[in-house]
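Here's the structure, in structure tokens; my notes come after.
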Amino acid sequence: MTDDRVTLIDVVPRRTAVIADTVTPEDFPSRWGPMLDEVYFFVRACPEFAAALAGSPAPHWTNVMLYRGEAPNVEVGVLAPSTFAPQGRIVASTLPGGRVLTATHHGDPTTIGVTHNAVRAEARDRGLTSTGVLWEIYGHPDDTGTFATEVFHALA
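Counting from -6, one number per residue, gives the positions in the sequence shown under the numbering used here.
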């Protein structure tokens, strides 16, 4: 289910720890899970992440996925609390800053395309041009197991 409010806002860049890759849309559903598992393996052992979560009653990381272009070039990972030393395929990156259209997707992540389509329609209706860079920031499950995902489309 999509929150029917698509809003135009300015966002600041946010640090991430990700694996960057180029995948086909057909391959992505089977690839993102192992990529995220690899990032989690890294952050569990990373001192900078451990220090940021010290004292948290239920430590967790916020998952992100960034898409650039049609291929797509993807980045799968988590928000980073600070700078860190990259290792192996895990690199430091940044979610873009600037003007975006955004909406919130609630529920089943496999239907998130509905929310992306709502954002695209709003851009067309407002005469705005997307850069082709979009991303998702995943919330954490509530008591019912559902969660909200924020969808962002960067504007030219």
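In this text, a Cβ means the ideal position worked out from N, Cα and C, and glycines have one as well.
Limits of the unbroken beta strand (DSSP E) element including residue 146
Looking at the DSSP string, the run of the beta strand (DSSP E) that includes residue 146 is 141 to 148.
To test your reading of the DSSP string, which unbroken beta strand (DSSP E) runs of 3 or more residues are found completely within the segment 72 to 117?
Here the runs fully enclosed are 84 to 88 and 91 to 99.
Check for me: the beta strand (DSSP E) holding residue -2 runs from which residue to which?
In the DSSP assignment, residue -2 falls outside any beta strand (DSSP E) and carries neither an H nor an E.
Can you tell me whether residue 70 is buried or exposed, with buried defined as 16 or more other CB within 10 angstroms of its CB?
Residue 70 comes out buried.
Check residue 14 in the structure and name its three-state DSSP category.
Residue 14: strand per DSSP, three-state reduction.
For residue 9, list the residues DSSP reports as bridge partners.
DSSP lists 72 and 86 as the beta-bridge partner residues of residue 9.
Output the boundary residues of the beta strand (DSSP E) element that contains residue 128.
Residue 128 -> beta strand (DSSP E) spans 123 to 131.
Could you spell out the range, first to last residue, of the alpha helix (DSSP H) harbouring residue 25?
In this chain, the alpha helix (DSSP H) harbouring residue 25 covers 21 to 38.
Between the Cα of residue 30 and the Cα atoms of 12, 77 and 142, which residue gives the shortest distance?
It is 12 whose Cα lies nearest to the Cα of residue 30.
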